[in-house]
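*Asks:* If you use the UniProt record's numbering, the sequence shown closes out at 945, no skipped numbers anywhere.
Glycine included, every Cβ here is placed at the ideal spot set by N, Cα and C.
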Amino acid sequence: DPEEQVQAFLQSDPSLTEFSSQISFYSKLEEQISELPLSCSVGSVLFDTDELKLALTQECRLWKRAFGAALNRRASADMDDILSFMDGLTKRLQRPITDLEDVRGAMAALREVREAEVRIDATIGPVEESFALLNKHELLFNDGNAERVDGLTYGWKNLNALVVQNQNTLVKIQPSMKADLLSAVQSFQSEVQSFCTEYNHRGPGVEGVAPAEASERLQSFQAEFDQLWRKYTTYSGGEELFGLPVKEYPDLQRIKRELSLLSKLYSLYNSVIDSVTGYYDILWADLNIEKINTELQDFQNRIRKLPKALKEWQAFSDLKKTIDDFTETCPLLYMMANKAMLPRHWTRLSELTAHSFQVESESFSLRNIMEAPLLKNKEDIEDVCISAVKERDIEAKLKDVVAEWSGQMLSFATFRTRGELLLKGAETAEKISMMEDSLMVLTSLLSNRYNAPFKPSIQLWVQKLSNTSEIIEKWLSVQNLWIYLEAVFVGGDIAKQLPQEAKRFQNIDKSWQRIMQKAHEVPNVVQCCVGDEMLSQVLSWSSVRSLCPVTWRRNGWCFLVFSLCPTPPCWRFWVRPLTRTLYRVVFNEKVYDQIISFQSQEGETVDLSQPVLAQGNVEMWLGQLLAGVRQTLHAIIRQAYLAISDPGMKLLEFESAFPAQVGLLGIQMIWTRDAEEALVLSLAQSGAWGCFDEFNRIELPVLSVAAQQIYIVLQCKKNKKKQFVFTDGDVVDMDPEFGIFLTMNPGYAGRQELPENLKIQFRTVAMMVPDRAIIMRVKLASAGFRDNQVLSRKFYTLYKLCEEQLSKQVDEDEPLFMSLINDLFPGIVLDKAGYPDLESSIFSQAQQAGLIPHPPWILKLVQLYETQRVRHGMMTLGPSGAGKTACIHTLMKAMTECGSPHREMRMNPKAITASQMFGTLDVTTNDWTDGVFSTLWRKTLKAKK
Numbered sequence: 001d002p003e004e005q006v007q008a009f010l011q012s013d014p015s016l017t018e019f020s021s022q023i024s025f026y027s028k029l030e031e032q033i034s035e036l037p038l039s040c041s042v043g044s045v046l047f048d049t050d051e052l053k054l055a056l057t058q059e060c061r062l063w064k065r066a067f068g069a070a071l072n073r074r075a076s077a078d079m080d081d082i083l084s085f086m087d088g089l090t091k092r093l094q095r096p097i098t099d100l101e102d103v104r105g106a107m108a109a110l111r112e113v114r115e116a117e118v119r120i121d122a123t124i125g126p127v128e129e130s131f132a133l134l135n136k137h138e139l140l141f142n143d144g145n146a147e148r149v150d151g152l153t154y155g156w157k158n159l160n161a162l163v164v165q166n167q168n169t170l171v172k173i174q175p176s177m178k179a180d181l182l183s184a185v186q187s188f189q190s191e192v193q194s195f196c197t198e199y200n201h202r203g204p205g206v207e208g209v210a211p212a213e214a215s216e217r218l219q220s221f222q223a224e225f226d227q228l229w230r231k232y233t234t235y236s237g238g239e240e241l242f243g244l245p246v247k248e249y250p251d252l253q254r255i256k257r258e259l260s261l262l263s264k265l266y267s268l269y270n271s272v273i274d275s276v277t278g279y280y281d282i283l284w285a286d287l288n289i290e291k292i293n294t295e296l297q298d299f300q301n302r303i304r305k306l307p308k309a310l311k312e313w314q315a316f317s318d319l320k321k322t323i324d325d326f327t328e329t330c331p332l333l334y335m336m337a338n339k340a341m342l343p344r345h346w347t348r349l350s351e352l353t354a355h356s357f358q359v360e361s362e363s364f365s366l367r368n369i370m371e372a373p374l375l376k377n378k379e380d381i382e383d384v385c386i387s388a389v390k391e392r393d394i395e396a397k398l399k400d401v402v403a404e405w406s407g408q409m410l411s412f413a414t415f416r417t418r419g420e421l422l423l424k425g426a427e428t429a430e431k432i433s434m435m436e437d438s439l440m441v442l443t444s445l446l447s448n449r450y451n452a453p454f455k456p457s458i459q460l461w462v463q464k465l466s467n468t469s470e471i472i473e474k475w476l477s478v479q480n481l482w483i484y485l486e487a488v489f490v491g492g493d494i495a496k497q498l499p500q501e502a503k504r505f506q507n508i509d510k511s512w513q514r515i516m517q518k519a520h521e522v523p524n525v526v527q528c529c530v531g532d533e534m535l536s537q538v539l540s541w542s543s544v545r546s547l548c549p550v551t552w553r554r555n556g557w558c559f560l561v562f563s564l565c566p567t568p569p570c571w572r573f574w575v576r577p578l579t580r581t582l583y584r585v586v587f588n589e590k591v592y593d594q595i596i597s598f599q600s601q602e603g604e605t606v607d608l609s610q611p612v613l614a615q616g617n618v619e620m621w622l623g624q625l626l627a628g629v630r631q632t633l634h635a636i637i638r639q640a641y642l643a644i645s646d647p648g649m650k651l652l653e654f655e656s657a658f659p660a661q662v663g664l665l666g667i668q669m670i671w672t673r674d675a676e677e678a679l680v681l682s683l684a685q686s687g688a689w690g691c692f693d694e695f696n697r698i699e700l701p702v703l704s705v706a707a708q709q710i711y712i713v714l715q716c717k718k719n720k721k722k723q724f725v726f727t728d729g730d731v732v733d734m735d736p737e738f739g740i741f742l743t744m745n746p747g748y749a750g751r752q753e754l755p756e757n758l759k760i761q762f763r764t765v766a767m768m769v770p771d772r773a774i775i776m777r778v779k780l781a782s783a784g785f786r787d788n789q790v791l792s793r794k795f796y797t798l799y800k801l802c803e804e805q806l807s808k809q810v811d812e813d814e815p816l817f818m819s820l821i822n823d824l825f826p827g828i829v830l831d832k833a834g835y836p837d838l839e840s841s842i843f844s845q846a847q848q849a850g851l852i853p854h855p856p857w858i859l860k861l862v863q864l865y866e867t868q869r870v871r872h873g874m875m876t877l878g879p880s881g882a883g884k885t886a887c888i889h890t891l892m893k894a895m896t897e898c899g900s901p902h903r904e905m906r907m908n909p910k911a912i913t914a915s916q917m918f919g920t921l922d923v924t925t926n927d928w929t930d931g932v933f934s935t936l937w938r939k940t941l942k943a944k945k
């Protein structure tokens with residue numbers, strides 16, 4: 001690509017000779033191509049070369065023109081630079097010289113011509129040669145630059161002539177100009193003196209001038225100063241031109257610096273005032289708090305960058321206060337502009353601030369808001385705005401619940417060939433679950449403290465959904481009964497045996513059909529259930545259940561069993577779902593309808609003590625069967641109890657003689673009896689100590705019995721009696737030297753907590769073997785010690801040696817202890833940090849409180865002070881009267897006296913729950929309610945601010 005090659009060529013900053021070489025190369029190549037023959041013979045083939053020569057020629061011209069265009073651009077840029085320079089200097093030198101300013105301008109122009117003379121002479125030649133090269137190779141461009149190159153030399157000669165002319169003029173007028181300068185300087189000195197006097201007496205920096213007036217004075221004095229400063233610049237330049245001493249004006253320089261500073265201050269002041277005034281005129285509906293806040297942040301950044309010298313000016317204080325006040329108001333405005341703010345909230349704000357807010361007016365602007373005492377009522381306004389947002393959330397959740405149940409419909413199922421007379425079980429159960437979820441949401445909303453505007457609606461829907469849920473559950477229960485009763489009374493022998501009940505069921509059946517017809521007409525779940533009182537009354541049928549005999553009502557299987565099985569013998573396999581205790585009954589093979597025994601699921605058979613005839617009303621003989629089973633089991637268990645009371649009883653024979661369940665029960669009775677006798681009586685009578693290992697692995701019923709027995713024994717010991725009445729009524733002697741100890745490992749599988757009545761009888765002792773080395777290392781690491789591993793080993797050794805070698809006599813063992821310290825930490829001397837100011841204040845406060853400033857006690861206060869500097873929370877421990885409260889109060893007063901105010905805020909954590917102390921988060925509404933501790937914390941933070 002020619003352009004890419006040319007760009008690479010230009011990066012080397014080529015000379016004109018290199019350009020000429022490139023262009024000439026392609027020109028010669030073009031000539032060589034033109035000299036090629038028009039045709040070429042190869043054997044019997046004649047090749048025509050016209051098109052090939054034309055294509056090659058065009059390619060050469062393309063490359064040549066690419067290099068020529070680059071040369072044209074460079075030469076044109078140089079030419080434009082020279083022509084622009086000469087044109088500007090020519091205009092400046094052609095101006096008439098009438099005053100010192102003109103002299104300075106002419107002198108500066110002459111100096112620029114002298115400085116550029118060599119550069120221009122060195123540039124004009126290459127530019128002319130460049131265009132000559134392009135013309136030589138017939139590279140013409142329609143930009144007009146080739147025509148302008150002829151005027152370069154001519155223009156440069158004219159500029160040099162103009163330079164000579166100006167030099168002669170300056171030599172001629174110099175004497176008169178110098179005299180005028182001296183006269184003007186003398187007059188200027190008087191002007192400066194007068195201006196400085198006026199500035200010192202009436203300038204913007206005069207003390208006591210209001211910022212607004214000072215801003216106006218600044219503009220006036222700035223304009224007058226600018227004129228003087230221009231004269232100063234002219235006259236100083238003239239003095240330099242004529243070689244005269246340059247006059248100094250220190251007051252003028254001082255005023256310049258002051259005006260520069262004040263200009264920064266008052267320009268920002270005016271911008272802020274104008275902006276804030278503009279904010280006030282913004283319509284409330286068009287308010288953009290983010291934009292205002294961004295502008296205020298910019299103003300705050302600019303005010304921070306003002307020089308320190310300006311921070312003592314009244315304008316600075318007013319400016320900072322205006323920005324800070326509006327910035328502090330912005331969060332309130334942002335909250336008040338929330339779409340959740342409704343007329344009722346604006347009415348509450350009007351009552352709080354005693355200011356009318358006509359928000360609905362089209363002309364309501366920010367000015368109407370800012371005229372109210374917002375900052376004075378900041379917390380109350382925030383509470384109203386937060387209430388608006390919370391109420392909006394509550395309203396949204398309530399609307400969601402209402403919308404959801406406005407579209408929930410009952411689902412129907414077909415019953416045999418009678419049509420859709422049933423509610424679908426799965427879908428209806430799902431709706432009940434959904435109702436429970438909605439009720440949970442509504443209950444949460446009902447307990448929300450921001451629910452006042454919607455409380456009646458919430459209560460109404462709580463009532464609606466609660467009633468609907470209750471009715472649906474009753475509906476399903478009645479539906480199940482109706483299904484069973486329908487199977488019993490519609491056809492079959494049962495209806496013939498119970499004619500009155502069958503007639504009553506016909507009326508119930510008709511009512512059921514009317515209910516389902518009503519449900520089809522109003523299929524909405526809530527409307528159907530709460531819109532018609534008839535439904536709830538009908539579904540509370542007691543007559544439905546009254547159709548069922550007492551025994552039948554215990555289990556819905558009764559209806560199905562008795563409707564499907566007309567004869568008693570076929571019921572033998574349905575006994576288990578009917579009674580829930582028996583697996584199967586056995587009928588007498590010879591006597592029809594006589595039940596002689598019952599069986600378990602494992603096949604174990606127990607003969608009834610009295611056979612039962614399955615004749616007559618079902619509920620009668622079924623009740624006799626259950627009573628017979630209970631009587632039979634009662635007799636067998638009594639026989640088992642008598643058997644285990646026999647001293648010569650053999651366990652294996654006992655187990656073989658009785659049913660398995662009774663055998664297990666007998667073993668439990670034996671264990672309980674023997675355990676009770678061994679546990680309490682032997683210990684209490686002999687005065688021995690007993691340790692019961694893994695006591696919490698015993699089952700809860702046994703633990704309850706043990707707790708009662710232990711209570712009796714310990715009460716006897718506590719009351720210092722010699723005898724006590726045991727649980728079985730026996731009077732037992734007691735040796736007070738006995739002791740009971742329990743071991744337990746809570747938290748493991750198979751273990752359980754001891755009952756409270758047992759746990760209260762014992763004192764809990766936690767047992768463990770601590771690894772001191774690890775504890776020490778962790779403590780040292782948490783305190784920031786880098787060599788914690790080495791130090792932990794040293795401390796471990798120190799503690800171990802102290803235990804082995806030191807006694808409890810501190811005075812005697814102190815030298816030995818210090819010797820151990822020196823051995824483990826050679827060359828290290830403890831630096832005792834002191835707090836003279838604090839200790840002096842502690843001493844003073846202790847005396848004022850009537851306390852004796854005992855040195856060890858003072859040391860405790862200093863240690864408490866050092867601890868609170870590095871810990872977020874502390875606990876002061878010690879027996880009553882040790883001075884814990886006095887330490888805290890004395891230290892607080894001492895720190896306050898030292899310039900760090902402290903205040904006590906009390907709370908009793910044992911009197912409240914954890915949620916009441918720290919606060920709670922409502923997971924349904926995502927509302928946070930502060931607890932006692934968090935409320936105190938917020939108050940503390942606000943007090944610090």
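Could you tell me whether the Cβ atoms of residue 10 and residue 129 are closer together than 8 Å?
*Replies:* Their beta carbons are not under 8 Å apart, which means residue 10 does not touch residue 129 by this criterion.
*Asks:* In three-state DSSP terms, what is residue 928?
*Replies:* Of the three classes helix, strand and coil, the one that applies to residue 928 here is strand, per DSSP.
*Asks:* Evaluate residue 64 with the Cβ neighbour count: other Cβ atoms within 10 Å of its Cβ, from every protein chain shown; 16 or more gives buried, anything less gives exposed.
*Replies:* Per the 10 Å Cβ criterion, buried.
*Asks:* Rounded to whole angstroms, what's the CA-CA distance from residue 283 to residue 347? Just pull it up for me.
*Replies:* Rounded to whole angstroms, residue 283 to residue 347 spans 20 Å at the Cα level.
*Asks:* On the three-state DSSP scale, how would you describe residue 11?
*Replies:* Coil.
*Asks:* Can you list the beta strand (DSSP E) stretches of 3 or more residues lying completely in the segment 662–742, in chain order?
*Replies:* 689–692, 723–725, 731–733, 739–742, all fully within the segment 662–742.
*Asks:* Of all the options 585, 228, 649, which has the alpha carbon lying nearest to the alpha carbon of residue 622?
*Replies:* For residue 622, the nearest C-alpha among the options comes from 585.
*Asks:* By alpha-carbon positions, which one of 184, 208, 280 ends up nearest to residue 235?
*Replies:* It is 184.
*Asks:* Note down the Cα distance separating residue 94 from residue 255, rounded to an integer number of angstroms.
*Replies:* Cα to Cα, residue 94 sits roughly 38 Å from residue 255.
*Asks:* Rank 848, 135, 96, 153 by C-alpha distance to the C-alpha of residue 117 and give the top, closest one.
*Replies:* Residue 153 is the option with its Cα nearest to residue 117.
*Asks:* By alpha-carbon positions, which one of 722, 43, 66 ends up nearest to residue 26?
*Replies:* Taking only the C-alpha atoms, the option nearest residue 26 is 66.
*Asks:* From the DSSP output, read off the bridge partner residues of residue 435.
*Replies:* The partner list for residue 435 (beta bridge, DSSP) is empty, contrary to what the question assumes.
*Asks:* From residue 707 to residue 778, what does the alpha carbon distance come to, in whole angstroms?
*Replies:* Their Cα atoms are separated by approximately 43 Å.
*Asks:* With a Cβ-Cβ cutoff of 8 Å, do residue 485 and residue 454 count as a contact?
*Replies:* Against a cut-off of 8 Å, the Cβ pair of residue 454 and residue 485 comes out as no contact.
*Asks:* What would DSSP say about residue 611, mapped onto helix, strand or coil?
*Replies:* DSSP places residue 611 in strand when its eight states are reduced to three.
*Asks:* Using alpha carbons as the reference points, say which of 135, 613, 604, 606 lies closest to residue 964.
*Replies:* As shown, the chain starts at 1 and ends at 945. That puts residue 964 outside it, with no answer to give.
*Asks:* By Cβ distance, which residues of its chain are closer than 6 Å to residue 333, with the 5 residues on each side in sequence left out?
*Replies:* Correct list, in chain order: 289.
*Asks:* With respect to the alpha helix (DSSP H) encompassing residue 60, which residues constitute its N-terminal and C-terminal limits?
*Replies:* 50–93 is the extent of the alpha helix (DSSP H) around residue 60.
*Asks:* Can you tell which of 107, 38, 471 has its C-alpha closest to the C-alpha of residue 526?
*Replies:* For the residues 107, 38, 471, the minimum Cα distance to residue 526 belongs to 471.
*Asks:* Quick check: the Cα distance between residue 196 and residue 239, rounded to an integer number of angstroms?
*Replies:* Their backbone Cα atoms lie some 22 Å apart in a straight line.
*Asks:* With respect to the beta strand (DSSP E) encompassing residue 23, which residues constitute its N-terminal and C-terminal limits?
*Replies:* From DSSP, residue 23 is part of no beta strand (DSSP E) but of the alpha helix (DSSP H) over 16–34.
*Asks:* Taking the alpha carbon of residue 228 as the reference point, which residue from 215, 253, 209, 244 has its own alpha carbon closest?
*Replies:* Here the closest residue by C-alpha is 253.
*Asks:* If we count the other Cβ atoms within 10 Å of its Cβ and call it buried at 16 or more, is residue 204 buried or exposed?
*Replies:* Classification of residue 204: buried, given that the 10 Å Cβ count is 16 or more.
*Asks:* What first and last residue would you give for the alpha helix (DSSP H) that runs through residue 898?
*Replies:* From DSSP, residue 898 is part of no alpha helix (DSSP H); its letter is neither H nor E.
*Asks:* Please report the distance separating the alpha-carbon of residue 1 from that of residue 142.
*Replies:* If you take the alpha carbons of residue 1 and residue 142, they lie about 24 Å apart.
*Asks:* With respect to the beta strand (DSSP E) encompassing residue 584, which residues constitute its N-terminal and C-terminal limits?
*Replies:* Counting along the chain, the beta strand (DSSP E) containing residue 584 begins and ends at 584–587.
*Asks:* What's the C-alpha gap between residue 147 and residue 49?
*Replies:* Answer to the nearest angstrom: the Cα atoms are 39 Å apart.
*Asks:* Under a three-way DSSP split, which group does residue 919 fall into?
*Replies:* Residue state, collapsed to three classes: strand.
*Asks:* According to the Cβ coordinates, are residue 23 and residue 88 closer than 8 Å?
*Replies:* Cβ atoms of residue 23 and residue 88: not closer than 8 Å.
*Asks:* How is the alpha helix (DSSP H) around residue 1028 delimited, first residue to last?
*Replies:* Any property of residue 1028 remains undetermined from this structure, which presents the chain solely from 1 to 945.
*Asks:* Which complete alpha helix (DSSP H) runs does the segment 238–295 hold, if anything under 4 residues is left out?
*Replies:* Runs found: 250–280.
*Asks:* Near residue 322, what residues of its chain come up, given a Cβ to Cβ distance below 8 Å and the 5 sequence neighbours on each side ignored?
*Replies:* Within the same chain, residue 322 has close Cβ partners 272, 273, 276.
*Asks:* DSSP on residue 409, reduced to helix/strand/coil?
*Replies:* Three-state DSSP puts residue 409 in a strand.
*Asks:* Taking 8 Å as the cut-off, decide whether the C-beta atoms of residue 448 and residue 394 are in contact.
*Replies:* Yes, these two residues count as a Cβ contact at 8 Å.
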